[in-house]
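Structure, as structure tokens:
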Amino acid sequence: MKRILNIVGARPNFMKIAPIHREMQKSNNDIEPILIHTGQHYDERMSKFFFDDLGMPKPDEFLGVGSGSHAEQTARVMVEFEKVCLKYKPDLVLVVGDVNSTMACSITAKKLWIPVAHVEAGLRSFDREMPEEINRLATDAISDFLFVSEINGEINLKNEGVDPNKMHYVGNVMIDSLINFMEKAEQSTIMTEQNLNGDDFVLITMHRPSNVDDKENFTKIMHAFEAISKDITIIFPIHPRAEKNLEKFGLLQMAKSMHNLKLLPPLGYLDFIQLEKKAKFVITDSGGLQEETTYLGKPCLTVRENTERPITVQIGTNEIIGTDTELLISQSKKILSGDWKKGEIPKYWDGKTAERIVEILDEKL
Ligand code: UD1
Ligand code: UDP
271 MKRILNIVGA RPNFMKIAPI HREMQKSNND IEPILIHTGQ HYDERMSKFF
321 FDDLGMPKPD EFLGVGSGSH AEQTARVMVE FEKVCLKYKP DLVLVVGDVN
371 STMACSITAK KLWIPVAHVE AGLRSFDREM PEEINRLATD AISDFLFVSE
421 INGEINLKNE GVDPNKMHYV GNVMIDSLIN FMEKAEQSTI MTEQNLNGDD
471 FVLITMHRPS NVDDKENFTK IMHAFEAISK DITIIFPIHP RAEKNLEKFG
521 LLQMAKSMHN LKLLPPLGYL DFIQLEKKAK FVITDSGGLQ EETTYLGKPC
571 LTVRENTERP ITVQIGTNEI IGTDTELLIS QSKKILSGDW KKGEIPKYWD
621 GKTAERIVEI LDEKL
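FYI, the numbering for the sequence shown is 271 to 635, going by this note's numbering.
Written as structure tokens, this is what we have:
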């Protein structure tokens, strides 16, 4: 039996690990999966809700690291995760995505000579001011299995000289969850709770430090939302980082007084994907939302200067807006006029990515 530690820490990790963990639990393979939660995200709405919605088992270990500066958080994960590695003596540590827990656990494992698998390898924004880019580079540099979700990931890894034997194009595991839970999400009552009918609303999420930690940028963005809300209702489930800063910058009152903008707490997975499916379009700075909207064929405006997920722009429904809020407003109007690209679904975004990953690990470990 090969023992694998599956790592979750922050919100976007749960829907990526859930299908992999479930696949590993099936009896037709020789794998014993152990679920480790670092506790990087800890609020009920940023963590427990996802275990419930995704039907995930309780973590075998909860490290409780919480928030802090990058060094503090990374260091706390490493100290606690080292103990877990020594206790379980795993054959592999599997990490997903690009959050601090991803990098911290992969470095800790490798220094104990434990092989590492990275799911979503090779994505690059080429912007090293983005903390996630450092996490991606460091994790990929030391991983033994690099599971790639889009063609650009493969190109980047080749350009970095990575051994092709380590790379496996398996598709997008986040889409496995989306496909898996779309039907169940139909039972969500969020549309009626929010008095929403049809697709007459735009769904917004915003949490990148470059957008919400800077008073001037966040103020500009909120003014753009105010302009857009004159044309269409805005539904804005707000990330705790953004909410704290709205308050700190004195913008919370402005947000609350916009009658066509509804500020909601962070939503559980089923409620959220139901809104994403129904919305006319999405405005975001999230990595995962760029991919989910491409799968759903939903127009997406990304408020960032770059993306590590270029396939969503090249063949999907995403467009990079930068921080030019005038462009954000004009592109919103363009979508509302019905003028937007159709988009295609990238290769292997088909709900079977976890199966491919587990098959490869079962064979090669
Ligand atoms: C993290 C990831 C980011 C990812 C995002 C997904 C890193 C460097 N960043 O960003 O890549 O896109 O998660 O949501 O790993 N907070 C709470 N409750 C929580 C969690 C956080 O109130 O449960 C607040 C705290 O004030 C904390 C702040 O949010 O300081 C930021 O949390 P943190 O995990 O450091 O980064 P995120 O912005 O969430
Ligand atoms: N999501 C959610 N509730 C929310 C906001 C997002 O369930 O209120 C889901 C979303 O559908 C996607 C994931 O969380 O599956 C994206 O996570 P996030 O935007 O926090 O992180 P990123 O992808 O930017 O790293």
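Just so you know, even glycine gets a beta-carbon here, dropped at the ideal spot from N, CA and C.
Any non-hydrogen atom of the ligand UD1 within 7 Å of residue i CB
i	result
Ala391	no
Ala280	yes
Asn639	With the chain covering only 271 through 635, there is no way to say anything about residue 639.
Gln343	yes
Ser514	Position check: residue 514 holds Lys in this sequence, whereas Ser was assumed. Yes.
His311	yes
Ser337	yes
Val440	no
Where the beta strand (DSSP E) containing residue i begins and where it ends
i	result
Phe506	Thr503 to Pro507
Thr554	Phe551 to Thr554
Lys272	Lys272 to Val278
Pro303	Ile301 to His307
Below-8 Å beta-carbon distance, residue i vs any chain C residue
i	result
Glu293	As a matter of chain content, chain C is missing from the structure shown, which is built from one protein chain.
Heavy atom of the ligand UDP within 7 Å of residue i beta-carbon
i	result
Arg406	no
Met285	yes
Ile581	no
Tyr539	yes
Pro507	yes
Thr475	yes
Phe542	yes
Glu486	no
Pro510	no
Leu559	yes
Own chain residues within Cβ distance below 8 Å of residue i, not counting five before or after
i	result
Asp469	Lys548, Ala549 and Lys550
Lys500	Asn530
Arg281	His311, Met316, Ser317, Phe320 and Pro536
Asn276	Ile287, Ile290, His291, Met294, Pro303, Ile304, Leu305, Ile306 and Leu364
Glu625	Glu293
Close-in-space but distant-in-sequence residues of the same chain around residue i (CB under 7 Å, 5 per side omitted)
i	result
Leu540	Asp323, Phe451, Lys454, Ala455 and Ser458
Asn299	Val628 and Asp632
Leu473	Ile505, Leu545, Glu546, Ala549 and Val552
Ile591	Leu571, Thr572, Val573, Leu597, Leu598 and Gln601
Leu521	Phe488, Thr489 and Met492
Pro327	Leu305
Leu559	Thr475, Val552 and Cys570
Asp555	Met476, His477, Arg478, Asn481, Thr572, Val573 and Arg574
Met524	Met492
Neighbourhood of residue i by C-beta, 6 Å cutoff - its chain only, sequence neighbours within 5 removed
i	result
Phe415	Ala387
Glu352	Thr378
Met373	Asn405, Ala408 and Thr409
According to DSSP, residues forming a beta bridge with residue i
i	result
Lys532	Ile505
Val365	His388
Met437	Leu416
Leu681	Shown here, the chain extends from 271 to 635; a query on residue 681 therefore has no answer.
Val628	DSSP, once it has assigned bridges, lists no residue as partnering Val628.
Ile404	For Ile404, which the question treats as bridged, DSSP gives no partner whatsoever.
Ile474	Ile553
Span of the alpha helix (DSSP H), counted from its first residue to its last, around residue i
i	result
Val482	Pro479 to Val482
Asn426	Ile421 to Asn429
Glu614	Glu614 -> no alpha helix (DSSP H), and no H or E assigned at all.
Leu416	Segment Phe415 to Val418 is the beta strand (DSSP E) holding Leu416; no alpha helix (DSSP H) there.
Phe488	Lys485 to Ile498
Phe451	Val443 to Ala455
Val354	His340 to Tyr358
Val335	That residue, Val335, is in no alpha helix (DSSP H); it is neither H nor E in DSSP.
Leu598	Thr595 to Leu606
Val583	Ile581 to Gln584
Met316	Where Met316 is concerned, there is no enclosing alpha helix (DSSP H), given that its DSSP letter is neither H nor E.
Asp541	Tyr539 to Lys548
Length of the line joining the Cα atoms of residue i and residue j
i	j	result
Lys380	Glu342	20 Å
Glu302	Ile630	15 Å
Cys570	Trp383	42 Å
Leu448	Glu562	7 Å
Thr409	Tyr358	21 Å
Val482	Trp619	31 Å
Glu589	Glu517	29 Å
Lys436	Asp632	15 Å
Arg511	Gly336	13 Å
Met444	Lys286	5 Å
Ser419	Leu606	31 Å
Thr582	Arg394	13 Å
Phe396	Gly441	21 Å
Thr577	Val366	18 Å
Pro329	Trp610	42 Å
Lys612	Ile508	28 Å
Lys514	Gln584	34 Å
Thr623	Ile421	14 Å
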